[in-house]
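Worksheet for the structure shown next.
In our numbering, the protein residues as written are 13 to 768.
Shown next, in the form of structure tokens:
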């Protein structure tokens, strides 16, 4: 005998500009279960829960369901029981997600990890998608701290044979900013601390939601929403709802529930997984592929035959409620174990919804599918036909700039990091630089978009000096929009595709809106023999971005067109001690250092001829600097010296060879004595070292990869003395600096401007 129930909640058409209050509204909520389905989806997904570490998520579920007096068993399963007598039915959803646990700490402060689950099927590139990504680690006191996973810097790989593979867990190093084992202990992190990738829950065109772990949360959201709307008086018999732990690690929570309750009938609500068979012939080694928006999926160990028994009843229930229920293969919900596993009830069904890019940071669900799943569960529980509904969605905001009375270089840096601006789209960064300059500074913008500020006047034989840093960051540009609404994009600047594909993205349209998106993985990504494409200038790798549009016209209605640009969501994250993480330290550190030097020098710089320039489009060929150099030369004002301030891509990482670029973080600014575009005369290196020592400024020098803006001036007679600061994991989401190096860089620029 099946249960049948009802769901009625309102779809809100969400846009980036709408208010959170409007987007989280819901029709006629039952007060005893607070919140809404959209809030649950965001909060539950934003609660990392590797197997055995589901405590935070369980607490949120218990808080939602406190009116039902939920119980927690010895493993951590959360259980709600309603009604009494026969029939006895069980609804189950898993709480955990695939993740990692800290398994070791190196002498120099890196964390080593072991994957959880250790053996269960996951996409072959699962751990590779953690490389060069921000992560969070939970301390024993329950607080989470930021870290990053090390990744190879693209500038240092030229000519390197067999660099470390990110798919090998032996090359998985976590950096929390510590420099020693003792630092790690002081941070509170220890062996057995759980680790998960940092979350960003994206709203794709009001239609889909995307985030790491969302495929492990929709079942929890559905069951909480069911209990929110359920009328217990309509139940017949006993309904037990269980949120189980360690599903990815041996299905231990589920086994505990089955041994305790011995239900006659059970519905498992969670992702469909790899491992089933098609028509009894072929074992499937990847998760099912289904288009989003198709309704509810019914997971079967074998497919190809007509549905019978309880599965056919579920299918009929869908028909009665006008809900599409489609059967597809899925692995067993209980993994093989050391001991015999408890049997599933004879009346068993596995319900789920389609997920794109399953078990990746770009995992995506359609919220209409989630609404239909809840509707079907309601029909099952209450035994009455239900009207269809839809799920309210949500938006995100990174916050705005708060002006301060006094200048603070690190405040400027944090603000610049939060400001988006890829090559050729740097207006917001330029505005942020101007905002942080003192009121007396009156910079000008030239035809190339460079921001230029001149201080002092030429006096006698004093040299003319130009200090330059670039405002752009790497990203992508929309080339075209396909008939299915996907965006075809190309690189703006160089990077490693695996650090961006399979992760959240933002599409910046010309109307100033940033649209949540995901950067799709290449074809074959979930096959065991997958290899990342090796693009060339003639055959660039195809890179697609999904914004939730399903046609070219729909993308246009969102305001998205060819020429728009794409980044990843980013933030300034403080790490342990003096370290910090943020995408676009290259070259926002340089920009902020120039700002700090302007404040330090003041407006009355005497007997000097100093120009500060914030240049454009460096990442695509020194375009802004080249235009400035050409113009100044034509005006017979080419500077005597150019101090180009940019990243010193450092090999200070366990993944890199220390053969060159060996400039440790925290040891001071760096003289880029040799890079791919310039060689600084050795006498000037010695002069600069002496100047730094005289002013007690920590200094390093060395050889690195990449080029610098100053090299655009050398053809016109200027001498390029390139400066930098050591940066780990360059051109990736996991860039790491030591703020002491930023401070020393600001100080040396100030000294150069006033006394070179």
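Note that CB positions come from ideal geometry on N, CA and C, so glycine has one too.
Cα-Cα separation between residue 438 and residue 432, rounded to whole angstroms: Translated into the one-based positions of the chain shown, residue 438 becomes position 426. Translated into the one-based positions of the chain shown, residue 432 becomes position 420. The straight-line gap from Cα to Cα measures roughly 8 Å.
C-beta atoms of residue 631 and residue 504 nearer than 8 Å: As a first step, residue 631 is located in the chain shown; it is residue number 619 there, counting from the start. As a first step, residue 504 is located in the chain shown; it is residue number 492 there, counting from the start. Cβ atoms of residue 631 and residue 504: closer than 8 Å.
Per-residue DSSP class, three states only, for residue 589: Here residue 589 refers to the residue found at position 577 of the chain shown. Note: residue 589 maps to coil in three-state DSSP.
Proximity below 8 Å, CB of residue 249 to CB of residue 101: Looking up residue 249 in the chain shown gives position 237. Looking up residue 101 in the chain shown gives position 89. Contact: yes.
C-alpha distance - residue 429 paired with residue 201, whole-angstrom precision: Position 417 of the chain shown holds residue 429. Position 189 of the chain shown holds residue 201. When rounded, the distance between both Cα atoms is 27 Å.
Touch test, the region 721-729 against the region 573-592, Cβ-Cβ under 8 Å, three pairs minimum: no
Residue 672 versus residue 169: straight-line alpha-carbon distance, rounded: Position 660 of the chain shown, counted from the first residue, corresponds to residue 672. Position 157 of the chain shown, counted from the first residue, corresponds to residue 169. Answer to the nearest angstrom: the Cα atoms are 11 Å apart.
Supposed close pair residue 477, residue 622 - CB separation, criterion 8 Å: Walking along the chain shown from the start, residue 477 turns up at place 465. Walking along the chain shown from the start, residue 622 turns up at place 610. Confirmed, about 5 Å.
Sub-8 Å separation of residue 57 and residue 211 beta-carbons: Taking the first residue of the chain shown as 1, we reach residue 57 at position 45. Taking the first residue of the chain shown as 1, we reach residue 211 at position 199. Yes, Cβ-Cβ distance for residue 57 and residue 211 is below 8 Å.
Reference residue 682; option with closest CA among 761, 596, 86, 495: Position 670 of the chain shown, counting from 1, holds the residue named residue 682. Checking every option, the nearest Cα to that of residue 682 belongs to 761.
Whole beta strand (DSSP E) elements within the region 594-645, 3-residue minimum: 621-627
Straight-line gap, residue 325 to residue 259 (C-alpha atoms, nearest Å): Working through the chain shown from its first residue, we reach residue 325 at position 313. Working through the chain shown from its first residue, we reach residue 259 at position 247. The straight-line gap from Cα to Cα measures roughly 26 Å.
Inter-residue CB distance, residue 329 and residue 391 (contact presumed, cutoff 8 Å): Locating residue 329 in the chain shown gives position 317, counting from the first residue. Locating residue 391 in the chain shown gives position 379, counting from the first residue. Going by Cβ atoms, the distance from residue 329 to residue 391 rounds to 6 Å, so yes, they are a contact pair.
Cβ separation of residue 661 and residue 739, assumed to be a contact under 8 Å, to the nearest whole Å: By one-based count along the chain shown, residue 661 stands at place 649. By one-based count along the chain shown, residue 739 stands at place 727. Right, the Cβ-Cβ distance comes to about 6 Å (below 8 Å), so this counts as a contact.
Through-space distance from residue 387 to residue 36, alpha-carbon basis: Residue 36 sits at position 24 when you count from the first residue of the chain shown. Residue 387 sits at position 375 when you count from the first residue of the chain shown. Bear in mind that the predicted position of residue 36 carries a pLDDT of just 30, short of 50, making it unreliable; the figure below should be weighed with that in mind. Residue 36 and residue 387: Cα-Cα distance of roughly 19 Å.
Residue 109: CB within 7 Å of a non-hydrogen atom of the ligand SAM: No copy of the ligand SAM occurs in the structure displayed, which carries no ligand at all.
Residue closest to residue 122, alpha-carbon to alpha-carbon, out of 587, 636, 767: As a working mapping, residue 122 is identified with position 110 in the chain shown. For the residues 587, 636, 767, the minimum Cα distance to residue 122 belongs to 587.
Proximal residues to residue 277 (C-beta, below 6 Å), its chain only, five neighbours per side dropped: In the chain shown, residue 277 corresponds to position 265, counting from 1. If we look at residue 277 and ignore the five residues flanking it on each side, its Cβ neighbours are 101, 357, 359.
Anticipated Cβ contact below 8 Å, residue 764 with residue 625, distance rounded: Working through the chain shown from its first residue, we reach residue 764 at position 752. Working through the chain shown from its first residue, we reach residue 625 at position 613. Not confirmed; about 14 Å, so no contact.
Endpoints, alpha helix (DSSP H) assigned at residue 752: The residue given as residue 752 occupies position 740 in the chain shown. Note, residue 752: alpha helix (DSSP H), 751-767.
Cβ contact (3+ pairs, closer than 8 Å) linking the region 568-585 and the region 521-530: yes
Beta-carbon proximity list for residue 13, same chain, < 7 Å, skipping 5 on both sides: Position 1 of the chain shown holds residue 13. Confidence in residue 13 is poor, its pLDDT being 39 and thus under 50, which makes the residue's placement too unreliable to answer from.
Where residue 531 falls: helix, strand or coil (DSSP): Numbered from 1 along the chain shown, position 519 holds the residue referred to as residue 531. Strand, per DSSP.
Identity of the residue in 571, 48, 301, 153 nearest residue 340 by Cα: In the chain shown, counting from the first residue as 1, residue 340 sits at position 328. The residue with the shortest Cα to Cα distance from residue 340 is 301.
Residue 565 (DSSP reduced to helix, strand or coil): Taking the first residue of the chain shown as 1, we reach residue 565 at position 553. Of the three classes helix, strand and coil, the one that applies to residue 565 here is helix, per DSSP.
Residue 569 burial status per 10 Å Cβ neighbour count (16 or more: buried): For this step, residue 569 is matched to residue 557 along the chain shown. Exposed.
Start-end ranges of the alpha helix (DSSP H) lying completely within the region 213-275, minimum 4 residues: 230-241, 264-273
With 16 other Cβ atoms within 10 Å as the buried cut-off, status of residue 245: The residue given as residue 245 occupies position 233 in the chain shown. By the neighbour-count rule (16 or more Cβ atoms within 10 Å), residue 245 is not buried but exposed.
Alpha-carbon spacing of residue 561 relative to residue 209, whole angstroms: Mapped onto the chain shown, residue 561 falls at position 549. Mapped onto the chain shown, residue 209 falls at position 197. Residue 561 and residue 209: Cα-Cα distance of roughly 27 Å.
Secondary structure of residue 291, DSSP reduced to three states: For the purposes of this step, residue 291 is taken as the residue at position 279 of the chain shown. Any reading at residue 291 needs caution, since the residue's pLDDT is 48, under 50, leaving its predicted position unreliable; the model's value is listed next. Of the three classes helix, strand and coil, the one that applies to residue 291 here is coil, per DSSP.
Residues of its chain near residue 620, where Cβ-Cβ distance is below 8 Å and the 5 sequence neighbours each way are ignored: As a position in the chain shown, residue 620 is number 608, starting the count at 1. Answer for residue 620: 467, 468, 469, 471, 474, 477, 765, 766, listed in chain order.
Terminal residues of the alpha helix (DSSP H) in which residue 350 lies: Sequence index remark: in the chain shown, residue 350 carries index 338 (1-based). Taken as a continuous stretch (DSSP letters only), residue 350 belongs to no alpha helix (DSSP H), as it is neither H nor E.
Member of 614, 604, 508, 376 whose CA lies at the smallest distance from the CA of residue 451: Locating residue 451 in the chain shown gives position 439, where the first residue counts as 1. The option with the nearest alpha carbon to residue 451 is 614.
7 Å Cβ shell around residue 220 - same chain, five flanking residues per side excluded: Numbered from its first residue, the chain shown carries residue 220 at position 208. Around residue 220: 304, 376, 377, 378, 379, 560.
Stretch-stretch touch, CB-based, cutoff 8 Å, three pairs: the region 486-505 with the region 172-180: no
Simplified DSSP assignment, three categories, for residue 518: Numbered from its first residue, the chain shown carries residue 518 at position 506. Three-state DSSP puts residue 518 in a strand.
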